[in-house]
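Report on one structure; see the data block that follows.
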Amino acid sequence: MEENHLANISVALARAAEQLSPLPEPSISAKKQVASAAADTSNETEFLSTPPSGLIDTSAAISTLIDTLVNLPTNPPSLYIDLEGIYLSRFGSISILQLLVAPTDETYLLDVHILGDKVFSTSGTSGSTFKTILESASIPKVFFDVRIGCNTSLPEEISEGPVECIESGLGLTYSEKQQMKNTKEAGLKLFAPEHGGSYEVFNIRPLPNQLRLYCLQDVRYMPRLWLHYNARLGRAWANKVQEATKDRVALSQSKSFNGKGQHMALAPTGWF
């Protein structure tokens, strides 16, 4: 887990939205995949509250949301973030931004595909925007390193992915693990090419319910993970995490950055 107190981390998110270019509508094949998967809903479970559409997809809704995000507690952090989209990188696009607000235990799915920069520029009654909240150095934001991991047998210098961290660190019940597994597999079948899916499904509206549940699950356990790992960190390791976070952001913004490949699963240099 990485806690961001630095403006340049959130600037990367805001700039990503500002640079979005219009995307073609999802292909017929992507829509057929959704129609086929929609027939199997036996393992679906409602996780956290979302609008009837499953997405925050109007400027008015963004404005209302912003008003709930000001003056939240900062220790532990209140805001937990993840992203979904088509080949997430400077060459891809953001479709959905997941936001979990820990004090209220509410999760919101912000429709970046439909609203574009309005997600970040729409203000609440206080004048704050999601962009200013992201860029505020006084408001901590927590995210998991979303870079691509490796599915092979990994030596100790390889970082664990979020699922591995959740399963090994949080002591989930069998039922919780099975529910998480079912939700993940249902989502992968829709969007992962190696499972016969297509990333284009993240831009289908209304959002398929299997994907909605997948998006909700991605941030569901992040507050618990933060508490779990933060309790185990001494001052020296906390400083290492902070420095590694800054280094990763700087690297991701460099022209030579390659966000694909097994090297993305390596732990920071000197950690092992």
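Mapping to UniProt numbering: the sequence shown position 84 is 84, numbers consecutive.
C-beta atoms are modelled at their ideal positions from N, C-alpha and C, and glycine is treated no differently.
Quantities reported herein were computed from a predicted structural model and do not represent experimental measurements.
In this structure, does DSSP put residue i in helix, strand or coil?
{"i": "Ile56", "result": "strand"}
{"i": "Thr245", "result": "helix"}
{"i": "Tyr221", "result": "coil"}
{"i": "Lys141", "result": "strand"}
{"i": "Tyr108", "result": "strand"}
{"i": "Val119", "result": "helix"}
{"i": "Tyr80", "result": "strand"}
What do you reckon, are the CB atoms on residue i and residue j nearer than 8 Å?
{"i": "Leu97", "j": "Leu110", "result": "yes"}
{"i": "Ala107", "j": "Leu216", "result": "Rather than Ala, the amino acid found at residue 107 in this sequence is Thr. Contact: yes."}
{"i": "Arg232", "j": "Leu170", "result": "no"}
{"i": "Thr173", "j": "Tyr214", "result": "no"}
{"i": "Pro140", "j": "Thr245", "result": "no"}
So which of the options has the shortest CA-CA distance to residue i?
{"i": "Leu211", "options": "Thr132, Leu69, Phe191", "result": "Phe191"}
{"i": "Ser95", "options": "Thr74, Thr173, Leu83, Leu72", "result": "Leu83"}
{"i": "His113", "options": "Lys189, Glu135, Tyr199, His195", "result": "Tyr199"}
{"i": "Thr269", "options": "Lys240, Lys255, Val249", "result": "Lys240"}
{"i": "Gly92", "options": "Val70, Asn203, Asp247, Trp226", "result": "Asn203"}
{"i": "His228", "options": "Lys181, Cys165, Arg235, Lys255", "result": "Cys165"}
{"i": "Ile81", "options": "Ala102, Leu72, Asp247, Asn71", "result": "Ala102"}
{"i": "Ser118", "options": "Val142, Thr58, Asp218", "result": "First, the amino acid is wrong: residue 118 is Lys here, not Ser. Lys118 has its Cα closest to that of Thr58, out of Val142, Thr58, Asp218."}
{"i": "Ser136", "options": "Leu72, Ser175, Asn230", "result": "Leu72"}
{"i": "Val142", "options": "Ser252, Asn230, Asp247, Tyr87", "result": "Asn230"}
{"i": "Tyr87", "options": "Gly127, Lys189, Pro193", "result": "Pro193"}
{"i": "Gly127", "options": "Ser175, Val70, Leu115", "result": "Val70"}
How many angstroms separate the CA atom of residue i from the CA atom of residue j?
{"i": "Ser121", "j": "Thr129", "result": "6 Å"}
{"i": "Ile56", "j": "Trp271", "result": "39 Å"}
{"i": "Arg205", "j": "Tyr221", "result": "26 Å"}
{"i": "Phe144", "j": "Gln179", "result": "21 Å"}
{"i": "Ser63", "j": "Gly124", "result": "4 Å"}
{"i": "Pro76", "j": "Leu100", "result": "13 Å"}
{"i": "Ala61", "j": "His195", "result": "34 Å"}
{"i": "Val201", "j": "Arg235", "result": "43 Å"}
{"i": "Glu243", "j": "Ser138", "result": "17 Å"}
{"i": "Gly197", "j": "Glu185", "result": "11 Å"}
{"i": "Leu134", "j": "Lys255", "result": "23 Å"}
{"i": "Arg248", "j": "Leu65", "result": "29 Å"}
{"i": "Trp226", "j": "Lys181", "result": "21 Å"}
Quick check on the burial criterion: 16 or more other C-beta atoms within 10 angstroms. Buried or exposed for residue i?
{"i": "Pro208", "result": "buried"}
{"i": "Glu85", "result": "The sequence shown places Gly at residue 85, rather than the Glu named in the question. Gly85 should be labelled buried."}
{"i": "Trp237", "result": "exposed"}
{"i": "Gly187", "result": "buried"}
{"i": "Thr104", "result": "exposed"}
{"i": "Ala250", "result": "exposed"}
{"i": "Lys131", "result": "buried"}
If you measure from the beta carbon of residue i to each beta carbon in chain D, is any gap under 8 Å?
{"i": "Asp218", "result": "Going by chain labels, chain D is absent from the structure shown, which holds only one protein chain."}
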